[in-house]
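Novice: Residues 1 to 622 in the UniProt record's numbering are what the sequence shown spells out, letter by letter. Cβ coordinates follow ideal geometry from the N, Cα and C atoms, glycine included. Keep in mind it's a predicted model, so treat the numbers as computed, not measured.
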Amino acid sequence: MPSTDDLLPLAVAAPLIGAALLVLAGRLLSRTAADVLAAAFAVFTAGDLSLLWVRAGETGDQRVVSWAGGWTLHHGQGVGIALVGDRLGIGLALLVAALMLAVLAYSWKYFDEQPGNHGGTFPALLLLFEAGMCGFALTGDLFNAFVFFELMGVVAYALTGHHVEDPRSLHGALSFGVVNSLAAYASLLGIGLLYARTGELGMAQTGAALAGHPADLLTVTAFVLVIAGMLVKSATVPFHFWLPDAHAVAPSPVSMLMSGVMVELGVYGVARVYRVVFGGPGGVPAAAFTHTMAAFGVLTALTGAVMCWQQRHLKRLLAFSTISHTGLWLLGLSLLSPAATAGTALYVAGHAGVKAALFALTGVLLDRNGSVDEYGLHGRGRPYPYTGALFLLGGLALAGLPPFGTTLGKAVAEHAAEDHAGWLPAVYIVVSALTGAAVLRAALRIFWGAGPEPALSCSDIETSGDGEDPEVRDPLRAVPKTMTAVPGVLLAAGLLVGVVPGVGRAMAAAARTFEDRTGYVDDVQGLPVPAPRHPVPEAAWTTSGVLFGLLSVGLAFGLAAVAVWRPDLRWPAARVLRDLSADGDRRLITPLRRLHSGVLGDYVTWLTVGLAVLVVTVGAQL
C-alpha cells in the first residue's frame with residue numbers, strides 16, 4: 001500500500017492523468033466509454049482522499065506533508081513545493097471528489113454530442129476542474145495555489161461557455177474570464193511582493209519570514225492583492241457580479257460544481273492564507289482581519305439575500321443564494337475561533353449537497369420546458385411531483401429546517417458569532433429565511449400552481465429565464481433516471497451531515513487543527529508540534545439552534561405565502577406597510593438591481609473599488 005506521502009500527490013495527479021487519457025483517446029472512445037473512464041478516475045480520487053482523511057485523523061491533530069520530488073527544506077529555507085493536508089483541507093478536497101462523482105452520474109449522456117464531436121471533451125474538462133480544486137485545497141505553496149486556482153478558473157471558463165454558439169453563453173463566460181483573470185493578476189503581483197520581502201513562496205516559510213519584518217503598508221497591500229483572486233472566486237460583494245451571469249448560462253452540471261464547492265474554495269483560501277501567512281508576527285493584526293472580513297461577509301450575505309428574493313430566473317436566484325451564503329461563511333471564518341470554523345465547515349458540507357441538488361432539479365425543468373422562468377413555469381411542473389417534492393425539500397434545507405446539515409452548521413456558527421456580537425445571529429436568520437423563501441415560492445408556483453398566475457413583464461432590471469435552449473437538445477425523450485436520482489442522493493447526504501453525530505465531532509477537531517497556525521508551520525518545517533492551545537469545540541445540536549432554525553423556516557414560509565397568494569389585507573397598518581415597501585423598493589432595491597448591469601466595464605470598476613476599500617480599511621487598522 002502506498003505511504004501517506006504518496007497518497008497526497010495522487011489526489012491531484014489522478015484526475016490530471018484521467019483528463020490526459022480522455023483527450024488522447026477520446027476520439028477513439030464512445031461517449032459511454034469516456035464517461036466510464038472519467039468515473040473510474042473520479043472514484044479512484046475519492047478513495048485516495050478518503051484514505052487520507054482517515055490517516056490524518058489517526059493521531060488527532062496530524063497533518064500530512066508531501067514534498068514534490070523529495071525537495072524538502074534546506075536550512076529552514078524552501079527549495080521545493082509542499083502539499084499539506086489537514087483534515088479540513090482534505091475534507092474539502094473529498095467534498096470536491098464526492099460532488100464530481102455526483103455530477104458525472106447526473107450528466108451521464110447529458111449532452112447530445114453531434115456526430116464527429118470529441119465525446120471525451122466534457123468529462124476531460126470536469127477532471128481538470130477536479131484536479132485544480134483538489135490541488136488548491138491541499139497546496140502549501142502560494143505560487144502553486146495561484147497555479148491551481150488558475151487551472152480551476154480556465155477550465156471553468158470553458159465549461160461556462162460550453163454552448164459557445166449562444167451569445168448569452170459567450171457573454172457569461174467572457175465576464176467570468178475577464179474579471180477572474182484580472183483578480184488573478186492582482187494575486188500574482190501580491191505573491192511577487194511577498195517573495196521580494198521574504199524570498200519564500202511556501203505558505204509556512206513565508207509566514208515565518210514575515211515575523212522578522214514590521215507590519216506596514218507593503219504587507220497590507222500584499223495581503224489584499226493575494227486574496228483578491230479568492231474573494232472574486234468566492235463572489236464576495238462587490239466582486240460578485242460575474243457569478244449570476246455565469247450561472248445563468250452555464251450547463252446545470254457545471255453550476256452544481258461552481259456553487260457546490262468552487263466558491264467555497266475561495267472562502268477557504270482567504271482563511272488559509274491569512275491564518276498561515278499573515279496571521280503571525282509581522283502580518284495583518286487579527287482585529288483588522290476580523291473587522292474587515294466580517295463587514296464584507298455581512299454585506300455579501302444581505303446583498304445576496306435581497307437579490308435572491310428579487311429573481312424570477314431560477315439559475316440566477318440560486319446563484320444569488322450562493323452569494324448570500326458565501327457571506328455567512330466569510331463571516332464565520334473571519335471570527336478566527338475553532339467553534340465558528342467548525343460551524344462554517346458543517347454549513348459548507350450541508351450546503352454543497354443541497355445547492356447542487358437544486359441546480360440539478362432546475363436542469364430537469366430546463367430539460368422539459370426550455371425555460372427557467374418562475375413566472376412562465378407557473379403550474380407546468382405538476383407532472384413531476386417527485387421533482388417538486390425534492391425542490392421543496394431543498395428550499396426548506398436552505399431555510400434552516402432541522403436536522404439538515406445546513407441548519408446544524410448555521411446553529412454552531414450562530415452561537416460562536418453571538419459571543420462576538422449579539423446581533424450577528426439575526427443575520428444568519430434573515431439570510432436563511434430570504435433565500436429559503438425564494439426557493440419555496442418558486443416551488444409552490446411551478447410544481448403546485450399555487451396562487452394567481454404572475455403577470456409576465458420585461459424590464460431593464462429583470463432577467464426572465466424564458467426561451468432557453470434545452471441542454472439535452474431532445475425534449476421528447478424521457479428524463480434520464482440519473483437526473484432525478486442524483487438530487488435525491490445529494491439531499492440525503494445534506495441530511496446525513498446533520499444527523500450523524502460523528503460528522504460534527506470530526507469537523508470540530510478539524511477546525512481546531514485548522515486554527516492552529518503554530519502547528520501548521522512546525523509540521524511543514526519538520527519540528528515537534530506542540531499541543532493546540534484551544535480545546536475541541538462543541539459542534540452538536542442545541543435547543544437554541546433548533547429554535548432558531550424553526551424560526552427561519554417559519555419566516556421563509558410566511559414570506560413565500562405572502563408572495564404567492566398576495567392576501568389583500570385591508571386594515572390600515574397593512575396599507576402603511578405596503579407604502580413603506582414600495583418606497584423602499586424604489587429607493588434601495590431598484591438601484592441595487594440596476595448595479596447588476598451585465599456590463600463588463602462596470603464589473604471591472606467594482607473590482608478596482610473593492611480592492612481600494614480593502615487596502616484603506618485594513619491599512620487604517622495597523
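What first and last residue would you give for the beta strand (DSSP E) that runs through residue 83?
Specialist: Looking at the DSSP string, the run of the beta strand (DSSP E) that includes residue 83 is 82-85.
Novice: Can you say whether residue 77 is buried or exposed, counting buried as having 16 or more other CB atoms within 10 angstroms of its CB?
Specialist: Under this definition residue 77 is an exposed residue.
Novice: Which residue comes first and which comes last in the beta strand (DSSP E) that contains residue 64?
Specialist: It spans 64-67 - the beta strand (DSSP E) in which residue 64 sits, taken as one unbroken run.
Novice: Which residues in the same chain have their Cβ closer than 8 Å to the Cβ of residue 611, if we skip the five residues on either side of it in sequence?
Specialist: Correct list, in chain order: 186, 224, 225, 228.
Novice: Tell me whether residue 453 is buried or exposed, calling it buried when 16 or more other Cβ atoms sit within 10 Å of its Cβ.
Specialist: Classification of residue 453: exposed, given that the 10 Å Cβ count is below 16.
Novice: What are the boundary residues of the alpha helix (DSSP H) that residue 247 is part of?
Specialist: Per DSSP, residue 247 belongs to the alpha helix (DSSP H) from 242-249.
Novice: Does the Cβ of residue 8 have 16 or more other Cβ atoms within 10 Å, making it buried, or fewer, making it exposed?
Specialist: Classification for residue 8: buried.
Novice: Which ranges would you report for the alpha helix (DSSP H) in the segment 171-253 if only whole runs of at least 4 residues count?
Specialist: DSSP runs (the alpha helix (DSSP H)) wholly in the segment 171-253: 203-210, 217-233, 242-249.
Novice: Between the Cα of residue 293 and those of 335, 213, 68, spot the shortest distance and give me the residue it belongs to.
Specialist: When only C-alpha atoms are compared, the closest one is 335.
Novice: Looking at the structure shown, is residue 516 part of a helix, part of a strand, or coil, going by DSSP?
Specialist: It is coil, neither helix nor strand.
Novice: Under the three-state reduction of DSSP, which class applies to residue 415: helix, strand or coil?
Specialist: Helix.
Novice: Taking the C-alpha atoms as reference points, what is the distance between residue 43 and residue 101?
Specialist: Near 7 Å, if we compare the C-alpha coordinates of residue 101 and residue 43.
Novice: CA-CA distance, residue 346 and residue 410?
Specialist: When rounded, the distance between both Cα atoms is 8 Å.
Novice: For residue 135 and residue 379, what's the separation of their Cα atoms in angstroms?
Specialist: When rounded, the distance between both Cα atoms is 44 Å.
Novice: Residue 549 to residue 320, Cα distance in whole Å?
Specialist: For residue 549 and residue 320, the distance between alpha carbons rounds to 21 Å.
Novice: Along the chain, where does the alpha helix (DSSP H) that runs through residue 316 open and close?
Specialist: First-last of the alpha helix (DSSP H) with residue 316: 314-334.
Novice: On a Cα-Cα basis, can you pick out the residue from 261, 325, 508, 591 that is closest to residue 103?
Specialist: Taking only the C-alpha atoms, the option nearest residue 103 is 261.
Novice: When the Cα atoms are used, what is the spatial distance from residue 358 to residue 235?
Specialist: Approximately 19 Å between the Cα atoms of the pair.
Novice: Can you grab the Cα-Cα spacing for the pair residue 393 / residue 514, in whole Å?
Specialist: About 32 Å.
Novice: Can you list, in chain order, the residues of its chain with a C-beta nearer than 8 Å to that of residue 108? Leave out the 5 residues immediately preceding and following it.
Specialist: Here the set comprises 35, 480, 482.
Novice: CB residue 364 to CB residue 484, shorter than 8 Å?
Specialist: Contact: yes.
Novice: Helix, strand or coil: which one does DSSP assign to residue 291?
Specialist: Three-state DSSP puts residue 291 in a helix.
Novice: Under the three-state reduction of DSSP, which class applies to residue 351: helix, strand or coil?
Specialist: Helix, per DSSP.
Novice: Within 10 Å of its beta-carbon, does residue 325 have 16 or more other beta-carbons around it, so buried, or fewer, so exposed?
Specialist: Result: buried.
Novice: Report, in whole angstroms, the separation of the C-beta atoms of residue 252 and residue 362, which I expect to be a contact under 8 Å.
Specialist: Their Cβ separation, rounded to whole angstroms, is 6 Å, which keeps residue 252 and residue 362 in contact under 8 Å.
Novice: Where residue 624 and residue 533 are concerned, what is the direct C-alpha to C-alpha distance, given to the nearest angstrom?
Specialist: As displayed, the chain neither begins before 1 nor continues past 622, which places residue 624 out of reach and without an answer.
Novice: Give the straight-line distance between the Cα atoms of residue 527 and residue 279, rounded to the nearest whole angstrom.
Specialist: If I take the Cα positions, the gap works out to 19 Å.
Novice: Taking C-alpha atoms, which residue in 302, 419, 455 lies nearest to residue 237?
Specialist: Taking only the C-alpha atoms, the option nearest residue 237 is 302.
Novice: For residue 543, report the span of its alpha helix (DSSP H) as first-last.
Specialist: Taken as a continuous stretch (DSSP letters only), the alpha helix (DSSP H) holding residue 543 covers 543-565.
Novice: How many angstroms separate the CA atom of residue 557 from the CA atom of residue 437?
Specialist: The straight-line gap from Cα to Cα measures roughly 6 Å.
Novice: How many angstroms separate the CA atom of residue 214 from the CA atom of residue 189?
Specialist: Going by the C-alpha atoms only, they are around 20 Å apart.
Novice: To the nearest angstrom, how far is the alpha carbon of residue 620 from that of residue 283?
Specialist: Their Cα atoms are separated by approximately 14 Å.
Novice: Could you give the distance in angstroms between the alpha-carbon of residue 54 and the alpha-carbon of residue 506?
Specialist: Approximately 10 Å, taken between the alpha carbons.
Novice: For residue 446, report the span of its alpha helix (DSSP H) as first-last.
Specialist: It spans 424-448 - the alpha helix (DSSP H) in which residue 446 sits, taken as one unbroken run.
Novice: Are three or more beta carbon pairs between the segment 150-160 and the segment 127-134 nearer than 8 Å?
Specialist: Cβ pair count under 8 Å is three or more, so yes.
Novice: State buried or exposed for residue 309, treating a residue as buried only when at least 16 other CB atoms are found within 10 Å of its CB.
Specialist: Result: buried.
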